[in-house]
Amino acid sequence: MNRRENFTAGFIRENPVFSLYLGICSTLAISTSLNNAIGMGVAVIVVLILSNVLISALRKITPNEIRIPVYIVVIAALVKIIQMVIKAYAPSLDTALGVFIPLIVVNCIILGRAEAFASKNGIFDSALDGLGMGLGYMFALIVMSSIRQILATGILSFSNPFNIEQTIFSIKIIPEDYIISLFSQPFGAFCTFALLAAAVAGYKNYKVNKAKAAAKEAK
């Protein structure tokens with residue numbers, strides 16, 4: 043793949059949540075509000091880019107036998123820094139995300155990109171891969187949290203993560219009589235994920251079948 047294809051792969055074709063099914067636990071748990079989705083998404087993007095850059099820079103001097111422990115140490119150090127920054131400047135977001143911030147260390151997306159891409163490619167390409175995959179993960183979180191928040195509360199809202207009392211926007215979409223509070227529960231998370239994953243799989247199958255049909259016509 044060229045750089046453009048590599049960067050955009052994480053959006054649909056290799057979306058870490060809906061195509062590769064990575065990081066599902068955190069996605070299901072925190073996708074109850076747009077605030078949680080954007081906060082977690084930004085944290086993962088920062089860790090992905092920095093970990094990919096560092097691991098790519100160290101790839102030629104890292105012994106193959108200890109590469110996984112090295113990856114984990116690098117990722118754990120970055121996650122701790124991010125956690126301390128969030129705790130200092132956005133304590134309400136830190137409380138909302140809870141244990142899922144430190145659990146970024148064992149997020150399959152982070153370690154997977156380190157092993158599959160950063161350890162084999164240059165610094166710039168690795169940073170681009172981290173940004174693309176991170177944006178794909180945040181896109182999945184935003185879509186899931188928006189659907190769940192609207193169906194569960196009837197309102198799509200976003201607050202300042204540094205001052206939770208300051209609402210940036212709040213849009214009432216569904217009348218209170220028609221909300222489905224079940225979507226704020228785990229069952230709603232699984233339903234939303236299943237429907238979105240099925241939609242992505244259907245789209246990918248459509249593209250494959252369309253390409254096959256075009257190839258047959260060309261013959």
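Mapped onto my numbering, the consecutive letters of the sequence shown carry residue numbers 43 to 261.
Glycine residues also receive a C-beta, built at the ideal position from the N, C-alpha and C atoms.
Predicted model only: the values in this text are computed from it and were never measured.
{"Item": "Helix, strand or coil at Gln125 according to DSSP, with G and I counted as helix", "Value": "helix"}
{"Item": "Terminal residues of the beta strand (DSSP E) in which Lys214 lies", "Value": "Asn205 to Lys214"}
{"Item": "With 16 other Cβ atoms within 10 Å as the buried cut-off, status of Ile117", "Value": "buried"}
{"Item": "Between the CA atoms of Ala256 and Asp136 - distance to the nearest angstrom", "Value": "50 angstroms"}
{"Item": "Distance CB(Leu177)-CB(Ile87) smaller than 8 angstroms", "Value": "yes"}
{"Item": "CB of Phe200 within 8 angstroms of CB of Ile210, strictly", "Value": "yes"}
{"Item": "Integer-rounded CB distance, given that Phe53 should sit under 8 angstroms from Ala40", "Value": "Residue 40 lies beyond the range of the chain shown here (43 to 261); nothing can be said about it."}
{"Item": "Rounded separation between Leu76 and Ala169 - CA only", "Value": "26 angstroms"}
{"Item": "Contacts around Met180, its chain only, beta-carbon distance under 6 angstroms, and the 5 residues preceding and following it disregarded", "Value": "Gly83"}
{"Item": "Spatial neighbours of Ile189 in its chain, beta-carbon cut-off 6 angstroms, leaving aside the 5 residues before and after", "Value": "Thr234"}
{"Item": "Exposed unless 16 or more other CB atoms sit within 10 angstroms - verdict on Arg46", "Value": "exposed"}
{"Item": "Cβ separation of Ser161 and Ile103, assumed to be a contact under 8 angstroms, to the nearest whole Å", "Value": "About 12 angstroms separates the two Cβ atoms, so there is no contact after all."}
{"Item": "Euclidean distance between Cα positions of Asn202 and Leu120", "Value": "24 angstroms"}
{"Item": "Span separating the alpha-carbon of Gly174 from that of Glu56", "Value": "10 angstroms"}
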